[in-house]
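There are 2 protein chains.
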Amino acid sequence: MRRERGLLIVLSGPSGVGKGTVRKALFSQPDTNYEYSISMTTRLPREGEVDGVDYFFKSTEEFESLIEQGQLLEYAKYVGNYYGTPLEYVNKTLDAGRDVFLEIEVQGAAQIRDKVPDGLFIFLAPPSISALQQRLVGRGTETEDVIATRIAAANQELEMMNLYDYVVENDEVQLACDRVNAIVVAEHCRRERVEKQYLAMLRGE
Amino acid sequence: MRRERGLLIVLSGPSGVGKGTVRKALFSQPDTNYEYSISMTTRLPREGEVDGVDYFFKSTEEFESLIEQGQLLEYAKYVGNYYGTPLEYVNKTLDAGRDVFLEIEVQGAAQIRDKVPDGLFIFLAPPSISALQQRLVGRGTETEDVIATRIAAANQELEMMNLYDYVVENDEVQLACDRVNAIVVAEHCRRERVEKQYLAMLRGE
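Line by line, the protein sequences give chains A and B. Per the UniProt record's numbering, the very first residue in the first sequence carries number 1; after that it's consecutive. Per the UniProt record's numbering, the very first residue in the second sequence carries number 1; after that it's consecutive.
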């Protein structure tokens, strides 16, 4: 039987929420069964960094040529250097039936959502809804203006959430990892996916 | 903050697939955090059976009156006795923010799907897709008729699957339990649910 294509798992969320910490924790666990997608950059390797391990290092000309060829899932420029996700590595890994994991800024995630609508988009949210509630209401001594500003900021976070399939609260790193893992297991059990396999099999594919 | 309503988890599947075994395994595990919905029946208690523990025991008149009042999520008659799922217990438990777990025949599950569209419907599938494939193709010595009959039977199972959100292969009881648990964790992280809580909070509810 033809193997199911892998899942593209995109972990994103507001800056400072702890995306990198959760990603590192996931990949330090022996039962994590995703491939981590290595980013591509035009910045020079730092001491000890290895091409194809830490980053794929490219010249600006190479990077811009790849952009023109549509070979980047997403990219952005920071401090004069390009950073992006190479499409070829992601596609090859997915085609081999393996799940690919990206940890990425919200702008990059939005670019990917357009290109890979069946990806799995997980929004890492600030620790606990009740913490947000406390932040909004404060100690009961805040002016209405302060509370209104906080509600506006929370609304902005909520709007970013809109593009995502799942929201994982980062109240505790291990709990957040457990939820990400559960989401991946559950997605592999979604009827649409399993049914496709059954149908392909019944058709003798 | 208002507590999220619990999830109605419905585990079903073809007869003989091992629904009861998976349910018992789930409820023998200390970290299972669902309430098991006790069925209602008109058959007499067997020795040792306790009303409200094994079943809610009712007279035929009481049962039929509850049917008329729409107080059963689903029901069926076997060997002259009614069996069904009382709506009130399910609703009270869900309203208290607790997940309710039902293990039920496919006909009952179809009745519930109509009444509770936002329930979580899990189809327990025969052990492994590759086993099904082997069953279809056989040893290469089967006639085309035999293979056609097998494909028709498999198609019938597949059609039942159609009403469900998730398909869990019962290749190994513990793996099936792990998948059910992962699905419940993931569903609690679905953006639509979490977003609703955030919105309610921002509106000061």
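All residues carry an ideal CB built from backbone N, CA and C; glycine is no exception.
Check: Contact under 8 Å by Cβ, residue 120 of chain A with residue 26 of chain A; Outcome: no
Check: Identified DSSP bridge partners for residue 51 of chain B; Outcome: B:55
Check: Short CB-CB distance (under 8 Å) between residue 183 of chain B and chain A; Outcome: yes
Check: Per-residue burial, residue 15 of chain B [other beta carbons within 10 Å of its own, 16 or more giving buried]; Outcome: exposed
Check: Within chain B, the residues that residue 245 of chain A reaches when beta carbons sit closer than 8 Å; Outcome: This structure gives no information on residue 245 of chain A, because the portion of chain A shown stretches from 1 to 205.
Check: Spatial distance of residue 2 of chain A from residue 97 of chain A (CA atoms); Outcome: Only weak support exists for where residue 2 of chain A lies, its pLDDT of 48 falling under 50; the value from the coordinates is given anyway. Looking at the two C-alpha atoms, the distance is approximately 9 Å.
Check: Any alpha helix (DSSP H) of 4 or more consecutive residues that is wholly inside the segment 56-87 of chain A; Outcome: 60-68
Check: Within chain B, partners of residue 25 of chain A - CB distance below 7 Å; Outcome: In chain order: nothing, as chain B lies at least about 17 Å away.
Check: Neighbourhood of residue 35 of chain B by C-beta distance below 6 Å, restricted to the same chain and skipping five residues each side; Outcome: 93, 98, 100
Check: Continuous beta strand (DSSP E) assignments of at least 3 residues falling wholly in the segment 100-161 of chain B; Outcome: 120-125
Check: Cβ-Cβ distance between residue 190 of chain B and residue 95 of chain B below 8 Å; Outcome: no
Check: Coarse secondary structure for residue 8 of chain B, derived from DSSP in three states; Outcome: strand
Check: Residue closest to residue 127 of chain B, alpha-carbon to alpha-carbon, out of B:166, B:164, B:171, B:148; Outcome: B:171
Check: Neighbour flag for residue 2 of chain B against chain A, beta carbons, 8 Å; Outcome: Caution applies to residue 2 of chain B, whose pLDDT of 49 falls short of 50 and renders its modelled position unreliable; the value that the coordinates give is listed next. It does not: the Cβ of residue 2 of chain B has no partner Cβ on chain A nearer than 8 Å.
Check: Segment contact, 8 Å Cβ cut-off, at least three pairs: the segment 76-87 of chain A with the segment 40-51 of chain A; Outcome: yes
Check: Span of the beta strand (DSSP E) around residue 172 of chain B; Outcome: Unbroken run through residue 172 of chain B: none, as it is neither H nor E.
Check: Extent of the continuous alpha helix (DSSP H) to which residue 26 of chain B belongs; Outcome: 19-27
Check: The beta strand (DSSP E) enclosing residue 36 of chain B, as first and last residue numbers; Outcome: 34-36
Check: Residues of its chain near residue 32 of chain A, where Cβ-Cβ distance is below 6 Å and the 5 sequence neighbours each way are ignored; Outcome: 26
Check: Assigned exposure category for residue 17 of chain A - 16 Cβ within 10 Å defines buried; Outcome: buried
Check: Exposed unless 16 or more other CB atoms sit within 10 angstroms - verdict on residue 46 of chain B; Outcome: exposed
Check: Beta-ladder partner(s) of residue 41 of chain A, from DSSP; Outcome: A:57, A:83
Check: In DSSP terms, what residue 166 of chain A is bridged to; Outcome: A:122, B:190
Check: Straight-line gap, residue 78 of chain B to residue 160 of chain B (C-alpha atoms, nearest Å); Outcome: 21 Å
Check: Cβ of residue 113 of chain A within 8 Å of any chain B Cβ; Outcome: no
Check: Alpha carbon of residue 118 of chain B to alpha carbon of residue 168 of chain B, nearest angstrom; Outcome: 19 Å
Check: Same chain, Cβ closer than 7 Å to residue 72 of chain A, five either side skipped, listed in chain order; Outcome: 66, 84, 85, 86, 87
Check: Length of the line joining the Cα atoms of residue 111 of chain A and residue 122 of chain A; Outcome: 14 Å
Check: Alpha-carbon to alpha-carbon, residue 70 of chain A and residue 149 of chain A; Outcome: 40 Å
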